[in-house]
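**Q** Chains as they are written, first to last, in our numbering: chain R, -19 to 450; chain A, 1165 to 1654.
Note that the Cβ used here is the ideal one computed from N, Cα and C, for glycine as well.
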C-alpha cells in the first residue's frame, strides 16, 4: 500500500501518458481533447487534496511524503489546473504542437511534485531537471517573431549554468558530509557552516532554486522569457514553478538554520538587491508581462525575508506567501490572457477601457494588482505583513524598513496598471467571457479577499507543515 | 483599562454595513441608478445610526472600553479581532457616520459610473470605521490602508483639476508613510516579547527608551503624512482640490483624522517616553503648520485651495494639542478632530454644490454669489465662520482648549499660533466678502438655489456644528473619560 503515498505523482504520470496518446493523432483535434484534459486536471486537484494528510517514506527514504510536500503538491496541481483553464485558445502555438504543450506542462508538474518531496540530493537534482527540461521545451514553443528563440536560449543557458553551480555545490556538501541524505547532512551542518566549504557549498546548492525564483543574480532570464514565452506558459512559470522553488529552497535553507551568520547575511543581501532592483526597473516597463517579470524578481526578494528568519514562523509565512503569490499572480495573468485573446504581448496601455469592456475582469485585475502591491484586505497584504513580522522578530530592522519602502515604490507601477484599466478610455468591443472563466474570476477574487482577512487556517496549516522541515 | 463586552455586536454591524452594501452593489447593473443610490444610502444610514447609538449609549460613569468584541484571529501571530469604544473614539465614529451619510446624499446627482463610485466609497469608509474602533495593531493597520488606497481610483475617475497628478501624489505620499509605520509597529511587536498585536496588552510593556524613541518617530512621521503635518502636507491641498465633492468631504473631514488619531492611539499610547522626547519637535512642526497654512491659504484664488490650506492649519491645531500632552490639550485635539471634520465636510459640500453648477471655484468669478444662491452661500459662510473660530460653533471650544494649554506648555509657539489664527480669521472674512458679497456675475444669474432635499446633508452638518457649539460639555465630558486615564497611564 505504500505506493498510495506516491498517488498524486502516479496520477500525473498517467495523465502525461493520456496526453501523449493525444499528441500521436495524425490530425490534431484539440477542440475535443481539451475538455478531457481540463476535467482530468481538475480531478488531479482532487487527488492531490485527498492525499494532503498522508505521511511516510519511499524509495529508501530518498522520498518523503509529509504535510509540507503535500501542501505544495496540492498547490502545483491547482496551478496546473488553473493554467489549463486559460488554455482553451492557444493562438500562438501551432495546433499540431498543442497536445505537446499540455504534455510538457504535465511532466513539468510531475517533476516539481517529485521535487518538493525529495530529501536526497541526487533525487532533488533529477526531479529539478525533469521539470526544467519540460520548461526548456515549452518556452520556445511559441511561433512567430524571433523573440521566442531568444527567450528559449536564454532560459536554457541560464538554467544550465545554474544547474552547474548547483551540482558543484552539492558535490561540496557531499564531500564534506559523506552523505546525500538531508537527514544525515543536517546534524553535521553546524560545524560545517562556519567553514568556507560548507558555506559555499550550501549557497551554490541553492543556485538552482534561486534561478527558478529569479532571485538576483540569477534573474536575467525573467524579463525575456516572460515577454517571449506564450502567455499560458509564462503563467505556469510565474505561478506553479515559483511555488515549487520556494518549497525546495526552504528544505535546503533549513540546513543553514541557526548556525551560519554569514549564510543569512548573504541571503539578506540577495533579498535587498532583488527587491530593490526588481521594483526600480519595473517602473520603466511598458510591456505588461515584462513589468510582471520584474515584479516577480521583487517578490522573490520578499519571500527570501521569510527564509532568512530561519524560524518556524518565518518559514510558515514564506509558505503562506508562496501560496498567495500563486493565486494573485495567476489572477493577473488570467486577465492578461483574456484580454490578449490573440496571444500577443500586451502593453500596459492596451488595458485601456477594461472597466467597460469587462467589469468582471477589471475587478479581478484590480484585486490581483492590489494583492501584488500588498494592499489590504488581500492575501498579498497579509502575506507580506507576516513576512515582515517574522523578519523583524529576528532583529532585521533595516531589512524590514527597506522592504516597506520597496512596497511604496512598487505601488507606483502597479497603479499605472489600474490607471490604464480604470481611467483611460477606448472604443474596443466588450470582452465576452465563457461561464467557466466567469466562475473562475469570482472564485479567485473570493480567495484573494477571504484568505486575506481570515488567514488563520492557512497559517496554521503552513506552520504544521514547516515543522517537518526545520 | 476596564472592558465591557458588548451584548450585541454593534461595532461589527457598523463595520459590516458598508461591506454588505458594496457586495450588493457588485451584483446590481449600472443602469439601476436609483437602486444603487438607495443601497448606498441605506448601508451608510445604518452605520450612521449605529455610530449615534454608540455615542449616546456610551456609559460615562462606567468609563473604560465599552461595546467590546474580542476574538482570536490568527493565533500563531498573536492577532486578535478586538474592537471597542471609549471616550476618544466615540466622537470620531460619530464623525465618520455623519460624513459618510451626508456624503452619499451630496453625491446624489452623480451621473458618471455611479455604481463603481459607491463601491469604492463604501470600501473606503469601511476602512475608516475600522481604524477608529480597532485595538489590535494588525487590524488597525489593515483598515488604515483600506482607507487610503481606494482614494486613488476615486480621485482619478471622478476628480477634477490635475487629477492624475494629484491621485498619484496622494497615494504615494500616504504609502510612503505606511512604509515608516510598518517597521515602527513591528518593532514594538517583536521587542515586547509578548508576540501580540493587542494594543492594550502592549501598553503594559515598558519598552526600552531607545525603542520608544525610534518607534515613536517612525510612527509619528508615518501617520503624520496622513494627518497633514507640515512639511508632509503637500499632497493634501492638491488632493482635496482634485477629489470629487464627497471624497473631499471624507478625506479632509475624516481621513486626515485617521493620521492624528493614530498618533494619539498608537504612537503616544504605546511609547510615552518616546513622546516626551519628541514632543518639542511635534509642537514645532504643528505651530509651523498653523502659520504656514494660514498664510499660503490667503494667497489662493481657488476656493478649494483656500479650504485645503485651512485644513493644514486646522490640523496643525490638532497636532499642537497632542504635543502639549496635557488633559486639556488632548481633549481639545480630539474635539478639534471632530469639529474640523464636520466643518470641512460642510465647506467642501457647499463648494461642490456651487462648482457643479457654475464649473468654477475662482473667487473673483463668483463675485456676489449670495444674491444668486443665498442658501448655498449661507452654508459656505457658516463653515467659514466656524473655521474662523466664532463662538457658538464647535470649533471655538476645541481651539480654545488647545490654545490655552499650548500657551502654558509652549508659550512662544502658542502665541504665534494664536496670532496666525487671528489673521487667518480676518482674511477668511475677506474671502467670504469677495466671493459672496460683491457684484454678482451675470453669467450665473439663471441658476436655482438649493432644493430642500439637496440642502438636507448640509443642514445635518450645520446642526451638529451648532449643537456641539452650544453644548460643548456633551463632547468634552465624554472625551475626558478616556483622556484622564490616558494621561495617567503615560
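(1) Tell me whether the beta-carbon of residue 234 of chain R lies closer than 7 Å to the beta-carbon of residue 449 of chain R.
(2) Cβ closer than 8 Å: which chain A residues qualify as neighbours of residue 435 of chain R?
(3) I need the straight-line Cα distance from residue 1596 of chain A to residue 1258 of chain A, nearest angstrom please.
(4) By Cβ distance below 6 Å, which residues in the same chain neighbour residue 219 of chain R in space, the five residues on each side in sequence not counted?
(5) According to the neighbour-count rule (16 or more other Cβ atoms, all chains shown, within 10 Å of its Cβ), is residue 1511 of chain A buried or exposed?
(6) Got a sec, what are the start and stop residues for the beta strand (DSSP E) residue 1269 of chain A sits in?
(7) So which of A/1488, A/1416, A/1455 has the shortest CA-CA distance to residue 1472 of chain A?
(8) In the DSSP assignment, what residue or residues form a beta bridge with residue 37 of chain R?
(9) Identify, in the order they occur along the chain, each residue of the same chain with its Cβ nearer than 8 Å to the Cβ of residue 1524 of chain A, setting aside the five sequence neighbours on each side.
(10) Just grab the DSSP bridge partners of residue 1604 of chain A for me.
(11) Under the DSSP definition of a beta bridge, which residues are partnered with residue 327 of chain R?
(12) How would you list, in chain order, the residues of chain A whose beta-carbon sits under 7 Å from the beta-carbon of residue 337 of chain R?
(13) Examine the Cβ distances between the segment 1300 to 1315 of chain A and the segment 1360 to 1378 of chain A and report whether three or more of them are shorter than 8 Å.
(14) Do you know offhand how far residue 245 of chain R's Cα is from residue 1281 of chain A's?
(15) Taking DSSP as the reference, what is the three-state secondary structure of residue 1554 of chain A?
(16) Compute the distance between the beta-carbons of residue 1569 of chain A and residue 1453 of chain A, then report whether it is under 7 Å.
(17) By the criterion of Cβ-Cβ separation under 8 Å, what are the contact partners of residue 1340 of chain A in chain R?
(18) Between which two residues does the beta strand (DSSP E) containing residue 1248 of chain A stretch?
(19) Between residue 162 of chain R and residue 99 of chain R, is the Cβ-Cβ spacing less than 7 Å?
(20) Give a yes or no on whether the minimum CB-CB distance between residue 1354 of chain A and chain R is below 7 Å.
(21) Quick one: residues in its chain with C-beta nearer than 7 Å to the C-beta of residue 1603 of chain A, no 5 flanking neighbours on either side, listed in chain order?
(22) Once you ignore the five residues that flank residue 0 of chain R on each side, which residues in its own chain have a CB closer than 7 Å to its CB?
(23) Interface residues of chain A around residue -12 of chain R at Cβ under 7 Å?
(24) Does any residue of chain A bring its CB to less than 7 Å from the CB of residue 402 of chain R?
(25) Between the C-alpha atoms of residue 1254 of chain A and residue 254 of chain R, what's the straight-line distance to the nearest angstrom?
(26) Any beta carbon of chain A sitting closer than 7 Å to that of residue 439 of chain R?
(27) Would the segment 1617 to 1629 of chain A and the segment 1504 to 1520 of chain A be scored as touching if the rule is three or more Cβ pairs under 8 Å?
(28) Just how far apart, CA to CA, sit residue 1198 of chain A and residue 1588 of chain A?
(29) Could you give the C-beta distance for residue 118 of chain R and residue 81 of chain R, rounded to a whole number, given that I count them as a contact under 8 Å?
(30) Please list the partners that residue 1335 of chain A has in chain R, where partner means a Cβ-to-Cβ separation under 8 Å.
(31) Taking DSSP as the reference, what is the three-state secondary structure of residue 182 of chain R?
(32) Sorted by chain position, which residues of the same chain lie with C-beta nearer than 6 Å to residue 149 of chain R's C-beta, five sequence neighbours on each side aside?
(33) If you run the structure through DSSP and keep just helix, strand and coil, what is residue 1230 of chain A?
(34) Once DSSP output is grouped into helix, strand and coil, what is the label at residue 1168 of chain A?
(35) Please identify the residue among A/1313, A/1309, A/1535, A/1305 whose C-alpha is closest to the C-alpha of residue 1350 of chain A.
(36) Using a Cβ cut-off of 8 Å, pull out every chain A residue sitting near residue 293 of chain R, in sequence order please.
**A** Let me lay it out:
(1) yes
(2) 1238
(3) 29 Å
(4) 59, 306, 309, 310
(5) buried
(6) It is not in any beta strand (DSSP E) - residue 1269 of chain A instead sits in the alpha helix (DSSP H) that spans 1254 to 1270.
(7) A/1416
(8) R/44
(9) 1530
(10) A/1531
(11) R/267
(12) None at all; the shortest Cβ gap to chain A is about 13 Å.
(13) yes
(14) 47 Å
(15) coil
(16) no
(17) 385, 388
(18) 1243 to 1249
(19) yes
(20) yes
(21) 1531, 1532
(22) 83
(23) Simply none; closest approach about 27 Å.
(24) yes
(25) 45 Å
(26) yes
(27) yes
(28) 42 Å
(29) 7 Å
(30) 391, 395
(31) helix
(32) 181, 184, 185
(33) strand
(34) strand
(35) A/1305
(36) 1240, 1241
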